[in-house]
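First up is the structure itself, then whatever we jot down about it.
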Amino acid sequence: MAVKPRTSGSDESSHYHLATTPKANNDVAPSNSTDSDVSIVVRGHSTTFVPVTVAFKNLWYSVPNPSKPTESIDLLKGISGVARPGTITALMGSSGAGKTTLMDVIAGRKNTGSVKGKIMLNGHEATELAIRRCTGYCEQTDIHSETATFREALTFSALLRQDSDTPMSAKIDSVNEIVNLLGLQDIAEHMVRGSSLEQLKRLTIGVELAAQPSVLFLDEPTSGLDARFAKLIMDGIRKVANSGRTVICTIHQPSYEVTLVGYFEGIQGVQPLPGEYNPATWMLECIGAGVNKNTSDCDDIDFVQCFHGSVLKEQLDEILDEEGVGRPSPHVPVLAFGRKRAASSMMQVKLLTQRFFSMYWRSPAHNVTILGVALGSVLVLGLVGSGLSTSSYQGICSGLGIIFVAFQFQGFVSFNSAIPFAFNDRAAFYRERSAQTYSALSYFVAGTLVEIPDVFMKGLIIAALLFLFMGFTGFAKFILFWLGVSLSVLVDVYTGHLLAFALPNIVLAALTGSVTSTIFFLFVGFNPPGSSISAGYQWLYTITPQRYAMSILATLVYGDCSTTPELNNATGEYNNVGPEVGCQPS
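The working numbering applies: residue 17 is where the sequence shown begins, and numbers increase by one.
As structure tokens, then:
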């Protein structure tokens with residue numbers, strides 16, 4: 017039997033019917049029985065992006081001159097070009113020629129300097145919002161959340177960057193198509209951590225494709241790869257272009273089939289491309305772009321003027337004057353987006369919180385270290401403080417010292433662990449935020465929420481063991497003690513996050529963290545007491561958050577009396593005074 021597509025009826029174009037075919041060992045003609053129809057639904061690969069033609073006219077980009085602030089340096093000088101859907105446009109040149117600069121300007125990634133000229137999308141002048149929403153940008157460095165799997169990274173991008181009106185099933189289907197397109201089936205469920213450079217490069221492309229962009233920018237997609245892996249990556253990029261997207265990339269090693277070979281060979285004085293020679297290297301040698309020229313005959317050739325007088329320039333001008341390319345077309349609507357980011361704030365916080373939970377769960381070294389310190393330290397302190405008397409100043413001071421060390425030590429460990437943990441995710445945060453995946457507020461709200469159950473669980477362990485070993489009683493006191501310890505440690509963790517994101521590097525964050533934790537430790541009001549701190553340092557005592565936690569914890573366990581003292585008005589003394597030091601009249 018053979019299965020072939022039905023053609024009767026547009027509504028049945030995605031079904032097949034069965035047709036009988038003669039068997040190899042059967043010479044008898046098939047019967048005239050009617051073919052049976054079988055409804056086999058074929059999943060369509062519908063695209064959710066609009067094909068976009070990118071055009072730029074007379075593009076200039078200038079930055080201030082560091083040595084002469086009143087002057088500027090032109091990095092781009094009157095560049096024009098077109099990139100159409102279904103094509104790969106390669107930006108080539110020597111190092112420092114401005115390839116990445118040109119691509120960054122087109123992609124709207126330059127937030128400094130001055131840009132002049134026009135950038136058009138389907139003939140309409142591009143807006144910053146339109147560029148950010150309809151393009152994907154693959155950076156040269158592959159940066160991802162290391163604890164996510166390949167499929168999770170793709171799904172995260174698809175759910176947050178595809179339009180909110182797109183059904184969830186369609187977003188998941190697009191992820192599966194990207195997995196197949198880039199050949200990620202075998203590693204889709206593997207964690208990103210420990211992956212090869214070539215696998216990370218494919219993931220970088222896939223994450224951007226998951227947003228269903230109309231235009232894909234790639235900065236040196238084959239950088240650092242050997243010939244085999246570079247070919248795999250470029251084959252994947254070719255498939256991306258074949259899907260109808262516009263691809264613009266900077267590249268050093270293009271295919272031999274490039275159009276510039278015939279153009280340069282047609283210029284008088286330029287030696288032909290030698291056999292088996294890299295066309296990109298040959299081109300750079302011709303124009304002397306940072307390398308030695310291959311012939312002295314090229315010294316007097318002005319390649320810029322050659323281009324302006326060439327047929328290619330005439331063709332470019334004609335293309336830039338077409339409707340839907342360099343000027344609006346009545347048949348091509350302007351790209352319009354209602355908001356800066358595709359997903360709602362609630363969806364952003366939800367997915368970020370889920371990713372943070374997975375990140376903590378898949379980082380056992382981080383969690384086990386903090387939990388082990390909490391258990392070990394409190395067990396030792398609890399055994400030391402077991403049986404301390406509450407009826408003497410010495411016993412209360414010892415008990416306060418144990419409480420102080422317990423919650424301060426846990427806070428110190430959590431504080432210093434939070435800095436590198438948060439800093440390691442900072443690069444992924446910058447990349448995803450620049451792609452308008454989510455807002456900074458959503459990221460920090462999710463990072464704040466995810467710490468709460470983890471810190472409160474460790475605070476519960478500390479409170480329970482201290483109450484068990486030191487003989488503290490009262491359920492209400494226990495709950496308040498637990499809250500006091502947990503909130504104090506939570507302040508330490510959030511301070512670590514603040515330093516990790518506010519300071520430029522992890523070394524400076526760690527040094528600042530050491531100073532901060534020392535202030536928190538010394539000016540908590542235990543030793544020296546707050547009343548003994550000199551007036552010049554009282555402001556440090558006032559701003560130290562842990563001093564308030566210490567006061568609450570001390571009051572909870574030592575500020576109550578087993579009996580209610582009664583004042584004897586006749587003698588002026590208190591009767592029924594309990595044995596606790598906190599019950600003694602002042």
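Quick reminder that beta carbons are idealized off the backbone N, C-alpha and C, glycines included.
Computed from a predicted model, the values in this text were never measured in an experiment.
Between residue 570 and residue 576, the alpha-carbon positions lie close to 10 Å from each other. Using a Cβ distance threshold of 8 Å, residue 348 and residue 340 count as a contacting pair.
Excluding its 5 nearest sequence neighbours in each direction, residue 200 has C-beta neighbours in its own chain below 7 Å: 166, 218, 222, listed in chain order.
Taking C-beta atoms under 8 Å as the contact rule, residue 161 and residue 169 qualify, at a distance of about 7 Å. Residue 346 counts as exposed, since fewer than 16 other beta carbons sit within 10 angstroms of its beta carbon. Under the three-pair Cβ rule at 8 Å, the segment 87–97 counts as touching the segment 72–79.
One thing to note: residue 104 has its Cβ within 8 Å of the Cβ of residue 257. Rounded to the nearest whole angstrom, the C-alpha separation of residue 429 and residue 143 is 47 Å. Out of 267, 371, 563, the CA that lies nearest to the CA of residue 545 is found in 563. Per DSSP, reduced to three states, the secondary structure at residue 440 is helical. Between residue 356 and the set 320, 438, 450, the nearest pair of CA atoms involves 450. Residue burial annotation: residue 333 is exposed, with fewer than 16 other C-beta atoms found within 10 angstroms of its C-beta. Listed as beta-bridge partners of residue 77 by DSSP are 92, 131. In terms of Cβ geometry, residue 442 and residue 516 form a close pair [threshold 8 Å]. Excluding sequence positions up to five before and after residue 156, its CB lies within less than 7 Å of the CB of 235, 236, 239, all in the same chain and listed in chain order. Counting along the chain, the unbroken alpha helix (DSSP H) around residue 248 starts and ends at 243–258.
Under the three-state reduction of DSSP, residue 574 is assigned to helix.
With contacts defined as CB atoms closer than 8 Å, residue 393 and residue 426 qualify as a contacting pair.
Relative to the Cα of residue 260, the nearest Cα in the group 283, 249, 225 belongs to 225. Between residue 557 and residue 541, the C-beta gap is smaller than 8 Å, which places the two residues in contact.
With respect to the 8 Å criterion, residue 402 and residue 485 are classified as neighbours on the basis of their beta carbons.
Just so you know, the alpha carbons of residue 482 and residue 572 end up roughly 13 Å apart. Approximately 6 Å separates the beta-carbon atoms of residue 229 and residue 150; this is inside 8 Å, confirming the contact.
The DSSP-derived three-state label of residue 202 is helix. Look at residue 194 here: in three-state DSSP terms it is helix. The three-state reading of DSSP puts residue 558 in helix, counting H, G and I together.
Contact between residue 233 and residue 264 holds: CB atoms are separated by about 5 Å, below the 8 Å threshold.
Residue 390 holds the alpha-carbon nearest to the alpha-carbon of residue 470 among 330, 585, 390.
Under a 10 Å Cβ-count criterion, residue 173 is classified as buried, with 16 or more other Cβ atoms of the shown protein chains found around its own Cβ. According to the DSSP assignment, residue 117 belongs to the alpha helix (DSSP H) that extends over 115–122.
Shown here for residue 203: same chain residues with a beta carbon closer than 8 Å to its own, the five before and five after excluded, namely 166, 211, 215 in chain order. Residue burial is scored here from C-beta neighbours: residue 589 has fewer than 16 other C-beta atoms within 10 angstroms and is therefore classed as exposed. Assigned with DSSP and collapsed to three states, residue 207 falls in strand.
By the Cβ-count criterion, residue 367 is buried, with 16 or more other Cβ atoms from all chains shown falling within 10 Å of its own Cβ.
Around the beta carbon of residue 336, 16 or more other beta carbons sit within 10 angstroms, so the residue counts as buried.
Excluding its 5 nearest sequence neighbours in each direction, residue 416 has C-beta neighbours in its own chain below 6 Å: 570, listed in chain order.
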